[in-house]
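Colleague: One rule links them: number in this note's numbering = place in the sequence shown (from 1) + 92.
My structure is below; once you've seen it, I'll send some questions.
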Amino acid sequence: MWIEIADKSGFCFGVERAIRLTEEAAERFGEVWTSGPLIHNPIVTKSLEKKGVHIADNVESAAGKPLVIRSHGVSAQTGIKAAELCAEVIDATCPFVAKIHKIVSETSAEAVVVLGDRTHPEVIGIMGHAVGRVYACAGADDIEGLFTRGELSDNEDVALVVQTTFDRGRFEEYSERIARNHSRVKIYDTICHATSERQRNAEELAKRAALMIVVGGRSSSNTGALAAICARHCRTVFAESAADIPRQILSGLRSDSLIGITAGASTPVYTIKEVHERMNEEIRSVNENEEDFAALLEADQSFIKLRNGMRVKATVVSVSDREVCVEVGAKQTGYIACEELTNNPEAVAAVVKVGDVIDAIVIKVDDSTGTAALSKKRVDTALSLEKMMAVKDANETIEGVVSNVVKGGVIVFSDNTRIFIPASQTGIPRNGSLDVLLKQTVKLKIIEVNDQRGGRVVGSIKLANKEVRDAERAKFWENIEVGQKFVGEVRSIEDYGVFVDIGAVDGLVRTSELTWNRVGHPKDIVKIGDKINVIVKSYDPEKKRVSLSAKDPDDNPWTKFIDEYSKGDVIKATIVSITEFGAFAQIIPGVDGLIHISQISTERVNNIASVLSVGQEVEVKIIEIDTEKNRVSLSIKALMEETASDDSDDEE
Ligand code: SF4
């Protein structure tokens, strides 16, 4: 004979969670009250009592005290009353049950049917969330009865939910029948995953076994369902503890019989072990076999023995707002609290999903509750510290997202590693607001990794930006050429010209190079922030200086002047300025000619302003063109002399 324990037996996720939340609350408050027995297992209830966990018969009896709402949940009204009366309410309602509350309270159906045990607290709580008519039914006959009596009608919508621990086989049979007969009944399969798995495992084992021992509290609904399933396939014994197993239970069984053990979701692992040991004794006495089955269990390769600090592969079996339940191949139920999941509070939901296999470290094994607390964050932290150390040593640049502004700097998350950037390393000026960085993806360098200070990692955005700028500058000086064109931004305006940002460096456009026309002051032409087209005139890589011109060679007025005008031409020009030595007259925009004081008149001119004025149009003769210096000399006097000469010729 040999013994096999069903793969999924003992505490489920919801029970383990409720016990943990209750113990934490008892530790915090000294004593805590639960809304009825926390779970349907007298052994666990007794052990919790020793830890300061008391049972409150109703919410009123817990007035002014901390109250835990057990995994079965309570009605909406009880929840409101608890919030009003109790000092603190710790809601340990299993998320699978809470999901049913949501369906029932939000359905638009005229009536709700809860398939389950009407006396069970979970069913009572679910019914207390319905806003309209609600009925509890034990099976399909009960539901049909509602239609026969006219309490439900085929002309209305009906929502049907099922108790989380209901027998899956029966549920499938009932729901098929109801769906066939009543098209307006919407059926929600709300049997929880843990229950389905347990039932499937127990049934598979019961089919091969000659005897099944089902361990759990007598009032536990899910344990009762397991017993009913097993009883369909083999002889089944229900045991709350090892003491319930009768002597000579194996009599009459063949010597090669398989004995199966399964346990309800509220059965602690030590009770399963006790039952297992008790069955070993029976086998030994029957076969007079001295084989130590307890030792076999310890050595069983299908269970690993967990110890604190051990690194394990964990498979995610469920994810909730507060924790992740994992399977680690041990007898204990593994869980990872959200705060042990990741350093990045905003990434909790994205970190894992059901079915993921992750690396985790065991932080606390609790055999009294059959649970093991694990941490993914600590494994990740160790790995990320190694990675950050390598990034720092290699002076690599990494990317991250700024998650929040804290005292003295900002926090960046890169690959879920938390990195502190001091304000001085953000690249934001001293009095600037760090808020502009929020939610931005930034490049950064790692400047400190300190595993002595809880894995503190410090980074610098400024250094990464500088590296980018330095590289751009080096590339700029490598590729710069006279005549290269840029679109630059005016950064500052001086009396002698403007500085223009052309990417990697700022170049100078002298005033005379801003336009082909005469300019009084650069600010008459441009303002800070203007984008202008510039051409490199010259550069000095040693002094890191670039001279630019904003004049477009294609618009060079000199080219036009040379094409259209020649020495000796008589033209009209407009006086644009007057100096001590003469007057400048514009021939075409961008080309002015000088009428020297000696060329203004055949008479001697002492005061030019008494003869010419700005804006005056005059007739002049082009007497000289200097194409090298781009200078034009004009003369009024030459025309006057020609006129005088013509007049004397006429007189002759
Ligand atoms: Fe939650 Fe399912 Fe456990 Fe009930 S049996 S507490 S619904 S996980």
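Virtual Cβ for every residue (Gly too), placed ideally from N, Cα, C.
All values derive from a computational prediction rather than experimental measurement.
Using the rule of at least 16 other Cβ atoms within 10 Å of the residue's Cβ for burial, across every protein chain shown, is G426 buried or exposed?
Modeller: As a working mapping, residue 426 is identified with position 334 in the sequence shown. With 16 or more other Cβ atoms within 10 Å, it is buried.
Colleague: Which value, in whole angstroms, describes the spacing of the CA atoms of P633 and L477?
Modeller: Translated into positions along the sequence shown, residue 633 becomes position 541. Translated into positions along the sequence shown, residue 477 becomes position 385. In a straight line, the C-alpha of P633 is about 42 Å away from that of L477.
Colleague: With the cut-off set at 7 Å, would you say W608 and G682 are in Cβ contact?
Modeller: Along the sequence shown, read from residue 1 onward, the residue named residue 608 stands at position 516. Along the sequence shown, read from residue 1 onward, the residue named residue 682 stands at position 590. Against a cut-off of 7 Å, the Cβ pair of G682 and W608 comes out as a contact.
Colleague: Could you tell me if the beta carbon of F188 falls within a distance shorter than 6 Å of some heavy atom in ligand 1?
Modeller: Within the sequence shown, the letter at position 96 stands for residue 188. Checking the Cβ of F188 against ligand 1 gives yes.
Colleague: Alpha carbon to alpha carbon, how far is A118 from F385? Give it in angstroms, no decimals.
Modeller: Numbered from 1 along the sequence shown, position 293 holds the residue referred to as residue 385. Numbered from 1 along the sequence shown, position 26 holds the residue referred to as residue 118. Low per-residue confidence applies at F385: pLDDT is 43, beneath 50, and the placement is therefore not dependable, though the value from the model is reported in the following sentence. Cα to Cα, F385 sits roughly 37 Å from A118.
Colleague: Nearer than 6 Å: is that true of the beta carbon of C104 relative to any heavy atom of ligand 1?
Modeller: If you number the sequence shown from 1, residue 104 lands on position 12. Within the cutoff, so yes.
Colleague: Can you grab the Cα-Cα spacing for the pair L389 / A406, in whole Å?
Modeller: Position 297 of the sequence shown, counting from 1, holds the residue named residue 389. Position 314 of the sequence shown, counting from 1, holds the residue named residue 406. Reliability fails at L389, whose pLDDT of 47 lies under 50, so the model's placement of it is uncertain and the value that follows must be treated cautiously. About 21 Å.
Colleague: Looking only at C-alpha atoms, which of K138, E198, T256 sits nearest to I216?
Modeller: Locating residue 216 in the sequence shown gives position 124, counting from the first residue. When only C-alpha atoms are compared, the closest one is T256.
Colleague: Alpha carbon to alpha carbon, what distance is there between A335 and V443?
Modeller: For the purposes of this step, residue 443 is taken as residue 351 along the sequence shown, with counting starting at 1. For the purposes of this step, residue 335 is taken as residue 243 along the sequence shown, with counting starting at 1. Answer to the nearest angstrom: the Cα atoms are 45 Å apart.
Colleague: Run through the DSSP bridge pairs and tell me what A355 is partnered with.
Modeller: Position 263 of the sequence shown, counting from 1, holds the residue named residue 355. BP columns for A355 point to V307.
Colleague: How would you call G165, buried or exposed, if buried means at least 16 neighbouring beta carbons within 10 angstroms?
Modeller: Locating residue 165 in the sequence shown gives position 73, where the first residue counts as 1. Result: buried.
Colleague: What does the Cβ neighbour count give for T735, buried or exposed, with the cut at 16 atoms within 10 Å?
Modeller: As a position in the sequence shown, residue 735 is number 643, starting the count at 1. Classification of T735: exposed, given that the 10 Å Cβ count is below 16.
Colleague: Suppose only complete runs of 4+ residues qualify. What are the alpha helix (DSSP H) ranges in the segment 546-573, listed by chain order?
Modeller: The qualifying runs are 553-571.
Colleague: What are the start and end residues of each continuous beta strand (DSSP E) run of 3 or more residues lying completely inside the segment 127-168, in chain order?
Modeller: Entirely contained in the segment 127-168, the beta strand (DSSP E) runs reaching 3 residues are, in chain order, 145-148, 158-161.
Colleague: Contact check, S167 vs A110 under 8 Å by CB: the rounded distance?
Modeller: For the purposes of this step, residue 167 is identified with residue 75 of the sequence shown, where counting begins at 1. For the purposes of this step, residue 110 is identified with residue 18 of the sequence shown, where counting begins at 1. The pair is not a contact, with the Cβ atoms about 18 Å apart (cut-off 8 Å).
Colleague: Rounded to whole angstroms, what's the CA-CA distance from R292 to C322? Just pull it up for me.
Modeller: By 1-based counting over the sequence shown, the position of residue 292 is 200. By 1-based counting over the sequence shown, the position of residue 322 is 230. Distance between the alpha carbons of R292 and C322 is about 10 Å.
Colleague: Once the 5 residues before and after P213 are set aside, which same chain residues still bring their CB inside 7 Å of it?
Modeller: What you label residue 213 is simply residue 121 of the sequence shown in a count that begins at 1. Contacts found: G128, H164.
Colleague: Please list the terminal residues of the continuous alpha helix (DSSP H) segment that includes Y266.
Modeller: Counting from 1 along the sequence shown, the entry for residue 266 is found at position 174. 260-273 is the span of the alpha helix (DSSP H), which, as asked, contains Y266.
Colleague: DSSP three-state call for V196: helix, strand or coil?
Modeller: As a working mapping, residue 196 is identified with position 104 in the sequence shown. Reduced to three states, the DSSP call for V196 is helix.
Colleague: Between the segment 268-280 and the segment 296-314, do at least 3 Cβ pairs fall closer than 8 Å?
Modeller: No, because fewer than three Cβ pairs between the segment 268-280 and the segment 296-314 fall closer than 8 Å, the two stretches do not touch.
Colleague: So H688 is in the alpha helix (DSSP H); what residue range does that whole segment cover?
Modeller: The residue you call residue 688 lines up with position 596 of the sequence shown. Note, H688: premise wrong, no alpha helix (DSSP H); beta strand (DSSP E) at 683-688.
Colleague: Hey, out of S584, A596, A515, whose CA is closest to P614's CA?
Modeller: Walking along the sequence shown from the start, residue 614 turns up at place 522. Of the candidates S584, A596, A515, the one whose C-alpha sits nearest the C-alpha of P614 is S584.
Colleague: With distances taken between CB atoms, is the gap from I620 to L606 smaller than 7 Å?
Modeller: By 1-based counting over the sequence shown, the position of residue 620 is 528. By 1-based counting over the sequence shown, the position of residue 606 is 514. Cβ distance not < 7 Å, so I620 and L606 don't count as in contact.
Colleague: Starting from R583, trace the beta strand (DSSP E) in both directions and tell me its first and last residue.
Modeller: Indexing the sequence shown from 1 puts residue 583 at position 491. Per DSSP, R583 belongs to the beta strand (DSSP E) from 577-586.
Colleague: What's the C-alpha gap between I594 and G660?
Modeller: The residue you call residue 594 lines up with position 502 of the sequence shown. The residue you call residue 660 lines up with position 568 of the sequence shown. In a straight line, the C-alpha of I594 is about 45 Å away from that of G660.
Colleague: With a threshold of 8 Å on Cβ separation, who are the neighbours of H146 within its own chain once the five nearest residues in sequence on each side are excluded?
Modeller: Sequence index remark: in the sequence shown, residue 146 carries index 54 (1-based). Taken in chain order, the residues that qualify are E123, V124, W125, T126.
Colleague: Which partner residues does L350 have in the DSSP bridge list?
Modeller: Stepping through the sequence shown from its first residue, residue 350 is reached at position 258. Answer is W94.
Colleague: Where does C748 sit, in a helix, a strand or coil, going by DSSP?
Modeller: As shown, the chain starts at 93 and ends at 744. That puts residue 748 outside it, with no answer to give.
Colleague: State the DSSP-derived secondary structure class of S476, mapped to helix, strand or coil.
Modeller: One-based indexing of the sequence shown puts residue 476 at position 384. Looking at S476 - three-state DSSP - the assignment turns out to be helix.
Colleague: Note down the Cα distance separating V502 from V549, rounded to an integer number of angstroms.
Modeller: By one-based count along the sequence shown, residue 502 stands at place 410. By one-based count along the sequence shown, residue 549 stands at place 457. Each residue's Cα considered, the two are about 12 Å apart.
Colleague: Can you give the Cα-Cα distance for L475 and K445, rounded to whole angstroms?
Modeller: Along the sequence shown, one-based indexing puts residue 475 at 383. Along the sequence shown, one-based indexing puts residue 445 at 353. Those two C-alpha atoms are separated by around 21 Å.
Colleague: Could you tell me which of I714, I715, Q691 sits nearest to L704, measuring between CA atoms?
Modeller: As a first step, residue 704 must be located in the sequence shown, where it is residue number 612. The shortest Cα separation from L704 among I714, I715, Q691 belongs to Q691.
Colleague: I think G599 touches V579, with their Cβ atoms under 8 Å apart; what is that distance to the nearest whole Å?
Modeller: Sequence index remark: in the sequence shown, residue 599 carries index 507 (1-based). Sequence index remark: in the sequence shown, residue 579 carries index 487 (1-based). Going by Cβ atoms, the distance from G599 to V579 rounds to 12 Å, so no, they are not a contact pair.
Colleague: My output table needs one value for C186: the three-state DSSP class, helix, strand or coil.
Modeller: Locating residue 186 in the sequence shown gives position 94, counting from the first residue. Coil, per DSSP.
Colleague: Using a Cβ-Cβ cutoff of less than 6 Å, which residues in the same chain neighbour V226 once the five nearest sequence positions on both sides are dropped?
Modeller: On the sequence shown, position 134 is the one that residue 226 refers to. Taken in chain order, the residues that qualify are V204, M219.
Colleague: V483 and I553 - do their beta-carbons sit closer together than 7 Å?
Modeller: Stepping through the sequence shown from its first residue, residue 553 is reached at position 461. Stepping through the sequence shown from its first residue, residue 483 is reached at position 391. No, these two residues do not count as a Cβ contact at 7 Å.
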